[in-house]
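**Q** Heads up: the sequence shown runs through residues -13 to 401, numbered per this note's numbering.
First the structure, which I've put down as structure tokens, then a few questions once you've had a look.
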Amino acid sequence: MSPTSIYLHIPFCKHRCAYCDFNTYAGQESLIPEYVNALIREIEQVSESANQRVDVHTIFFGGGTPSLLTAPQFDSILRALRHAFALTADAEISIEANPGTLNLQKLEDLRKTGINRISLGVQSANTEELRMLERIHDFFTVIQSVSDARKAGFDNLNLDLIYGLPEQTLESWKTTLARVIDLHPEHISAYALTLEHGTPFGKWSSKGLLPIPDSDLAAEMYEHTEEFLDANGYVHYEISNWAKDVESQKSKVEEQTFDLRLSTPSFACKHNLQYWRSLPYLAFGAGAHGYANGYRYSNMLRIKTYIDRLTNSQSTNLPFPLTPAAVNHHKQTQQDDISDYMINNLRLTQVGVAESDFRERFGVGLLDVFGKEVEELIRLGLLEKQTSEVSETSEVYRLTKRGRLLGNQVFVKFV
Ligand code: SF4
């Protein structure tokens, strides 16, 4: 059985940003100690329901703002995870952090717990843009946080960016990218701003009060990102993600006979690759979503009800990996799994969908299921077919440059 991944949701923020629709709450930090206990309880319940020891190779603390937890709180959660599951020796353990919530001492303490990757929510290098996003940091804080993280021994940093911001120009986006690569992160994520229903940004936009860049300008920003990061040594391995590669690891990959799943850059986020490859992950915390043992499931959203549910429940007879905190769950059908597989794997711009992998996983040919759709997408110039250099009998389907811009038009074909 391939190892699983673990996602833990930390739904606390100092301030609720106007564009954010994540399950996160400001002003409830007093609940953090109880929440940590509830997470540990959930971890214990899930491991008790497993009928064999579960191997885990990535852990990701996402939010919200995980860096609001103290190092001892992370330590107690990680101890519970190590006790409950079989953590691989080289497990990737990431936390999301906001630049204004870190200092050198805290970073050193976090590193000692075993956390080895930090994803910093930078978003922009432009002060006005950060203010408009209602972020609590400026770019000087980012520079300080990166420098402190390096001193504390972190050699795997992601910087998260957003483009297509209100009143953002191409020049301003270019400046953000240039300033960001000066910090030499191993990994960069760049997502287009989405205006989510129910957020202040969504409301202002529907009233015409938010001058966001049109789709042509957003596309120009994306294309510049691809060219600029490529020219600076970052491999574009997922629609919105770029990573550095290490030459020695590259040659190791080339020695493999035929495992396309390995042909991602060495600093690719292993945890997110688990999602994009449609492989299992356990989820803990309020509003967390998981996929394991054939179930897709999600936990209750509110912090207090999540805590109450786990604090008051005794051991249950629920099947692995469900706990009393799970409010939604369903068993995936093969058709669900096939659709999810296509949508997730096509996001991998280098790897794409390999016919051989599809057949091995589902016992049926890709073209037998989606022959018409694949043919149409190739004709529209959104998908391309490549024959593997290693095995001429295996074909790989990937998004074209245009397909990466119009990903949603591609994915809808496989639903
Ligand atoms: S810090 Fe991040 S998670 Fe928290 S409200 Fe802002 S965008 Fe959302």
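Where a beta carbon is used, it is the ideal one built from N, C-alpha and C, also for glycine.
Could you have a look at H210 and say whether DSSP puts it in helix, strand or coil?
**A** helix
**Q** Does the ligand SF4 have a heavy atom nearer than 6 Å to the CB of R117?
**A** no
**Q** Considering only residues of the same chain and omitting the five flanking positions on each side of F60, which have a CB-CB separation below 6 Å?
**A** T99
**Q** If you draw a straight line from the alpha carbon of T302 to that of R27, how long is it in whole angstroms?
**A** 12 Å
**Q** Name the DSSP beta bridge partners of I104, please?
**A** I81, L143
**Q** So what's K371 in DSSP terms, helix, strand or just coil?
**A** strand
**Q** Drop a sphere of 10 angstroms on the beta-carbon of D343, count the other beta-carbons inside from all chains shown, and report buried for 16 or more, exposed for fewer.
**A** buried
**Q** Could you work out which residue in A340, T74, E82 is closest to S380 when comparing CA atoms only?
**A** A340
**Q** Taking 6 Å as the cut-off, is the C-beta of G273 nearer than that to any heavy atom in the ligand SF4?
**A** False, no ligand heavy atom lies under 6 Å from that Cβ.
**Q** Go ahead and pull the three-state DSSP assignment for G49.
**A** G49: strand per DSSP, three-state reduction.
**Q** Taking S342 as part of the alpha helix (DSSP H), name the residues at either end of that continuous run.
**A** 341 to 348
**Q** Could you give the residue range of the alpha helix (DSSP H) that holds N394?
**A** 393 to 397
**Q** Quick one: residues with CB closer than 6 Å to any heavy atom of the ligand SF4, in chain order, please.
**A** C(-1), R2, C3, C6, F8, T10, G49, G50, T51, N84, G107
**Q** Return the residue from the list D41, D146, V42, P197 that minimises the CA-CA distance to N84.
**A** When only C-alpha atoms are compared, the closest one is D146.
**Q** Would P197 be called buried (16 or more neighbouring beta carbons within 10 Å of its own) or exposed?
**A** Under this definition P197 is an exposed residue.
**Q** Quick check: the segment 174 to 182 against the segment 220 to 233, are there 3 or more CB pairs under 8 Å?
**A** Output reads yes: the segment 220 to 233 touches the segment 174 to 182.
**Q** Taking just the CA atoms, how far does G357 sit from L55?
**A** 49 Å
**Q** Taking the beta carbon of L215 as the centre, do at least 16 other beta carbons fall within 10 Å, making it buried, or is it exposed?
**A** Here L215 is buried: its Cβ has 16 or more other Cβ atoms, across all protein chains shown, within 10 Å.
**Q** Inspect the beta-carbon positions of G150 and L179 and report whether they are closer than 7 Å.
**A** yes
**Q** On a Cα-Cα basis, can you pick out the residue from E209, K256, V401 that is closest to I329?
**A** V401
**Q** Helix, strand or coil, according to DSSP, for Y5 in the structure here?
**A** DSSP places Y5 in the coil class of the three-state scheme, outside both helix and strand.
**Q** So, M118 versus P171, is the Cβ gap smaller than 7 Å?
**A** no
**Q** Considering only residues of the segment 283 to 332, which uninterrupted alpha helix (DSSP H) runs meet the minimum length of 4 residues and lie entirely inside it, listed in chain order?
**A** 289 to 298, 320 to 331
**Q** Just mark R365 as buried or exposed, buried being the case when its beta carbon has 16 or more other beta carbons within 10 Å.
**A** exposed
**Q** How should E182 be labelled, buried or exposed, when 16 other C-beta atoms within 10 angstroms of its C-beta is the threshold for buried?
**A** exposed
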